[in-house]
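Q: Just add 34 to the spot in the sequence shown (first one is 1) and you have the numbering used here.
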Amino acid sequence: MTHSRFLLAVMALLALAVPAQAQGIDETVNAIFANSTGWFVSLIFSNFPGTSFPWIVGWLVIAATVFTFYFGFVQLRWSGHAIALVKGDYSDPNDAGEVSHFQALATALSGTVGLGNIAGVAVAIGIGGPGATFWMILAGLMGMASKFTECTLGVKYRNEYPDGTVSGGPMYYLTRGFAERGLPGGGILAVLFSVFCIFGALGGGNMFQANQAHQQLAGVFGDYPGWITGVIFAAIVFAVIVGGLKSIARVTEKVVPFMGVLYVGTAIIIILMNADQIGWAFGQIFEGAFTGLGVAGGFVGALIQGFRRAAFSNEAGVGSAAIAHSAVRTKEPITEGFVSLLEPFIDTVVVCTMTALVIIITGQLISDPETGLYVLTEAGNAVQTIDGNTGVSLTSAAFSSEIDGFKYILALAVILFAFSTMLSWSYYGLKAWTFLFGEGKSKEVVFKVIFCLFVIIGASANLGPVIDFSDAAIFAMAVVNVLGLYFLMPIVKRELANYSAKLKSGQIKKYKT
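1. Going by CA-CA distance only, name the one from Ala247, Ala336, Leu187, Val100 that's closest to Gly160.
2. Could you please give me the residues that DSSP links to Glu194 through a beta bridge?
3. Gln137: which of Leu306, Gly177, Ser454 sits nearest, CA to CA?
4. If we ignore side chains and look at the alpha-carbon of each, how far apart do Glu473 and Gly294 end up?
5. To the nearest angstrom, how far is the alpha carbon of Thr300 from that of Thr183?
6. Am I right that Ser360 and Gly188 are in contact with their C-beta atoms under 8 angstroms? What's the rounded C-beta distance?
7. For the alpha helix (DSSP H) that contains Ser228, what are its first and last residues?
8. Give the secondary structure of Val362 by DSSP, where H, G and I count as helix, E and B as strand, and everything else as coil.
9. Roughly how many angstroms lie between the CA atoms of Ala507 and Gly540, to the nearest whole one?
10. Taking 8 angstroms as the cut-off, decide whether the C-beta atoms of Gly199 and Glu132 are in contact.
11. Please report how far the alpha carbon of Lys280 lies from the alpha carbon of Gly313, in whole angstroms.
12. Using the Cβ count rule (16 or more neighbours within 10 Å means buried), how would you classify Ala268?
13. Would Asp381 and Leu143 qualify as a contact pair, given that the criterion is a beta-carbon distance under 8 angstroms?
14. Could you have a look at Ala515 and say whether DSSP puts it in helix, strand or coil?
15. Under 7 angstroms: does the beta carbon of Phe233 sit that close to some heavy atom of the ligand FMN?
16. Let me know if Trp73 comes out buried or exposed under the rule of 16 or more other beta-carbons within 10 Å of its beta-carbon.
17. For Pro524, which three-state DSSP category applies?
18. Using DSSP bridges, identify the partner residues of Pro88.
19. Since Val285 sits in a beta bridge, which residues does DSSP pair it with?
20. Would you list the one or two residues that DSSP bridges to Val133?
21. Would you mind stating whether Val254 and Ala97 have Cβ atoms separated by less than 8 angstroms?
22. Quick one: Cα of Thr325 to Cα of Leu464, how far?
23. Whole angstroms are fine: how far does the CA of Phe320 sit from the CA of Phe230?
24. For Ala213, which option in Asn193, Asn151, Asp129, Leu522 has the closest C-alpha, if you only look at C-alpha atoms?
25. Could you tell me if Ala531 is buried or exposed, where buried requires 16 or more neighbouring beta carbons within 10 angstroms of its beta carbon?
26. By Cβ distance below 7 angstroms, which residues in the same chain neighbour Ser430 in space, the five residues on each side in sequence not counted?
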């Protein structure tokens, strides 16, 4: 029996079992995770003592600030060159690697541009007011330096195999980079990163995406069993990921630009329909950023929510994107660092800002006359925005407030975002899996089958504590990764100096003009 037929047979059996046992699965699994991993979730997402600022957000923002200054504002000085690299101006088809600069960027973007850009932004400005948008943009701009650092290292210390495939990412630069510098502990950090990455891939990068996609579909077409969505998604995902990264890249390079243009284009239409409100909206953003107008916690409340959304959205410092960027065709590791600069900009500065502007301009964000604080409205009523589910419905309300049909466009965007995120995280989890258990087709197929089974479970079940744990695992990746980046950033600085010298001397030339 082929792997594809085996997977379909297992999915069919699971499809029959899940509906009957869904409630029991939910209760049992939730209880296990809530009791055994609650301490881990609380640790990762706890606040600095005496504040409401999550320490993990501070960990990522401080790192982004350090890298921004250490590399001399690389995101400003090299963005033009990054665009030239994505266009293929400096691409040599004979370089080692599996995908082009554009394909690597598209694959990494597909893992970050997702439901957080739609739901998370609504929650952020619902709590932090319009001013959260300003701090979200600032954190996104600084996060570009974190991506630059980790993706350069990802290419430099990747493994290249005789069949042309590549394995790279934090687990490889933590082991090889630490060894090169004579530092201890790299192997332990690499194992920890890989374990966290697998849990994050199966949860936040898989089950959560399938669950939210099903909820959006059910909201548009009426309620129906989640396992149907799960089986369809699992079959499509497996058909793509069974072909490896090249297959994933061929899909993401088409899906990501399409979904980006679809979503941003729709947002621009809504913004232009309310052109007279644009100046007012930006005024609200800047005023709220420094005064915290109408926000619990004032200025600090707006700052916290903006930084938190940027950190959770673009994953700068998490290390996940370095896995995708490591497979690029290049002989100069620093070039993919430059390309990765564009990722937080597109994800946070462009897509997240569009969501925020639509919500503000369409009047979804109002001041509650009783409390004086900002609230989001749904169907004309103030609602408490405390989770991503509320955020999805609120963003949908903002999009459909002008033209009712726009809610269907948003539903399509949610599905594409979820699908592309699952593709990318399947690859991230796979590379962590093979790092721990060894390379080989059979070992890869085992993980791919497991991943697709979790798609069905995610769409069928309500696994709150499981998702909480997987989210914590993703940010635990950042704890390990950023710690490694601090020790390895001198290597990146040396690579930057060498490449700059080669470029100025003419040693590096364009292949396409």
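The C-beta atom is built at its ideal place from N, Cα and C for all residues, glycine as well. Note that this is a predicted model, so its numbers are computed, not measured.
A: Quick look at the numbers:
1. If you number the sequence shown from 1, residue 160 lands on position 126. Among Ala247, Ala336, Leu187, Val100, the Cα nearest to that of Gly160 is on Ala336.
2. Locating residue 194 in the sequence shown gives position 160, counting from the first residue. Bridge partners of Glu194: Val200.
3. Residue numbering aside, residue 137 sits at position 103 when the sequence shown is read from its first letter. Gln137 has its Cα closest to that of Ser454, out of Leu306, Gly177, Ser454.
4. Working through the sequence shown from its first residue, we reach residue 473 at position 439. Working through the sequence shown from its first residue, we reach residue 294 at position 260. Answer to the nearest angstrom: the Cα atoms are 34 angstroms apart.
5. As a first step, residue 300 must be located in the sequence shown, where it is residue number 266. As a first step, residue 183 must be located in the sequence shown, where it is residue number 149. Going from the Cα of Thr300 to the Cα of Thr183 covers about 33 angstroms.
6. Numbered from 1 along the sequence shown, position 326 holds the residue referred to as residue 360. Numbered from 1 along the sequence shown, position 154 holds the residue referred to as residue 188. That belief holds up - the Cβ atoms of Ser360 and Gly188 are roughly 4 angstroms apart, short of 8 angstroms.
7. For this step, residue 228 is matched to residue 194 along the sequence shown. It spans 220-236 - the alpha helix (DSSP H) in which Ser228 sits, taken as one unbroken run.
8. Sequence index remark: in the sequence shown, residue 362 carries index 328 (1-based). If DSSP states are grouped into helix, strand and coil, Val362 belongs with the strands.
9. Position 473 of the sequence shown, counted from the first residue, corresponds to residue 507. Position 506 of the sequence shown, counted from the first residue, corresponds to residue 540. The straight-line gap from Cα to Cα measures roughly 45 angstroms.
10. Reading the sequence shown from its first residue, position 165 is the one you call residue 199. Reading the sequence shown from its first residue, position 98 is the one you call residue 132. Checking the sequence shown, residue 199 turns out to be Thr, not Gly. Yes, these two residues count as a Cβ contact at 8 angstroms.
11. The count along the sequence shown starts at 1 and reaches residue 280 at position 246. The count along the sequence shown starts at 1 and reaches residue 313 at position 279. Their Cα atoms are separated by approximately 44 angstroms.
12. Along the sequence shown, one-based indexing puts residue 268 at 234. Under this definition Ala268 is a buried residue.
13. Reading the sequence shown from its first residue, position 347 is the one you call residue 381. Reading the sequence shown from its first residue, position 109 is the one you call residue 143. In contact: Asp381 and Leu143 (Cβ atoms closer than 8 angstroms).
14. The residue given as residue 515 occupies position 481 in the sequence shown. According to the sequence as given, residue 515 is Asn; it is not Ala. Asn515 falls in the helix class under three-state DSSP.
15. With respect to the ligand FMN, the structure shown offers nothing to examine, as it has no ligands at all.
16. As a position in the sequence shown, residue 73 is number 39, starting the count at 1. Trp73 is exposed by the Cβ-count criterion.
17. Taking the first residue of the sequence shown as 1, we reach residue 524 at position 490. The answer is helix: DSSP assigns Pro524 an H, G or I state.
18. Within the sequence shown, numbered from 1, the residue matching residue 88 stands at position 54. For Pro88, which the question treats as bridged, DSSP gives the partners Asn81.
19. Numbered from 1 along the sequence shown, position 251 holds the residue referred to as residue 285. According to DSSP, Val285 bridges with nothing at all.
20. For the purposes of this step, residue 133 is taken as residue 99 along the sequence shown, with counting starting at 1. In DSSP, Val133 forms a bridge with Val362.
21. Counted from its first residue, the sequence shown places residue 254 at position 220. Counted from its first residue, the sequence shown places residue 97 at position 63. Result no, Cβ atoms of Val254 and Ala97 do not sit closer than 8 angstroms.
22. Along the sequence shown, read from residue 1 onward, the residue named residue 325 stands at position 291. Along the sequence shown, read from residue 1 onward, the residue named residue 464 stands at position 430. Approximately 46 angstroms, taken between the alpha carbons.
23. Residue 230 sits at position 196 when you count from the first residue of the sequence shown. Residue 320 sits at position 286 when you count from the first residue of the sequence shown. Cα-Cα distance, rounded: 37 angstroms.
24. Position 179 of the sequence shown, counting from 1, holds the residue named residue 213. Answer by Cα proximity: Leu522.
25. As a first step, residue 531 is located in the sequence shown; it is residue number 497 there, counting from the start. When all chains shown are included, Ala531 counts as exposed.
26. As a working mapping, residue 430 is identified with position 396 in the sequence shown. Lys441, Leu444.
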